[in-house]
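Note sheet for the following structure.
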Amino acid sequence: MGALRARFWRLPLDQLTRAEWEALCDGCGRCCLHKIEDADTGDIQDTNVACRLLDPATARCRNYPNRRAHVPDCLQLTPELLLEIGWLPSTCAYRLRAAGRPLYPWHPLLSGDPEGPIAAGVSAAGRIISEDEAGPLEHHLVDWDETDG
């Protein structure tokens, strides 16, 4: 994946290498869940319905390197796109760093524990269903706890 600089997560997002950008992700999986947008208000409602490639038990993509070949509308998160979307969780490392805020202590880069987001209650792992099994999204609306992790 490439060498990672010491404490790279403290740098502005536009200074990160591709490898550092990818490593910044906390792995919560919530960006890979379907959302419903109200046509009249533009409000976004969260669901617990995951992309078919997201493993519901781990909240990890089963085929990350080739995901866009299988899911053409898979979101490719970039620093520019961060400015356009407002639905990432408040605990998202990309969102935090874009705002100049530090990562939470449970983030795997700080804690050394890849299960940190699960222990902090911010991960989708174990709380989601695959789109292949879900049925209508309207039956799966959720209000994720937006506490500070």
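Sequential numbering from 844 applies to the sequence shown in this note's numbering.
Backbone N, C-alpha and C define an ideal beta-carbon position, used for all residues, glycine too.
All values derive from a computational prediction rather than experimental measurement.
Please report the distance separating the alpha-carbon of residue i from that of residue j.
i, j, result
"Leu841", "Glu981", "In the structure as shown, the chain starts at 844 and stops at 992, and residue 841 therefore has no counterpart that could be examined."
"Gly969", "Gly943", "30 Å"
"Leu854", "Leu847", "12 Å"
"Cys935", "Tyr947", "9 Å"
"Val965", "Gly870", "10 Å"
"Ser954", "Asp883", "42 Å"
"Glu865", "Asp881", "31 Å"
"Asn909", "Leu984", "28 Å"
"His998", "Cys894", "For residue 998 there is no data in the structure shown, the boundaries of the chain being 844 and 992."
"Thr963", "Glu923", "In the sequence as presented, Thr is not what sits at residue 963; that position holds Ala. Those two C-alpha atoms are separated by around 28 Å."
"Leu920", "Gly845", "19 Å"
"Pro915", "Asp956", "31 Å"
"Glu958", "Pro951", "7 Å"
"Cys904", "Arg861", "18 Å"
"Trp931", "Gly978", "Correcting the residue identity first, residue 931 is Leu in this sequence and not Trp. Rounded to the nearest angstrom, the two C-alpha atoms are 24 Å apart."
"Leu867", "Leu925", "14 Å"
For residue i, is the classification buried or exposed, using 16 other Cβ atoms within 10 angstroms of its Cβ as the cut-off for buried?
i, result
"Asp857", "exposed"
"Arg850", "exposed"
"Tyr907", "exposed"
"Asp889", "buried"
"Ala945", "Strictly speaking, residue 945 in this sequence is Pro, with Ala absent from that position. With fewer than 16 other Cβ atoms within 10 Å, it is exposed."
"Glu863", "buried"
"Glu976", "exposed"
"Arg911", "exposed"
"Glu927", "exposed"
"Ile971", "buried"
Run through the DSSP bridge pairs and tell me what residue i is partnered with.
i, result
"Val892", "Ile972"
"Arg903", "Asp898"
"Val985", "Asp889"
"Leu876", "Ala893"
*What are the uninterrupted segments assigned as alpha helix (DSSP H) that are 4 or more residues long and contained completely in the stretch 924 to 952, given in chain order?*
936 to 941
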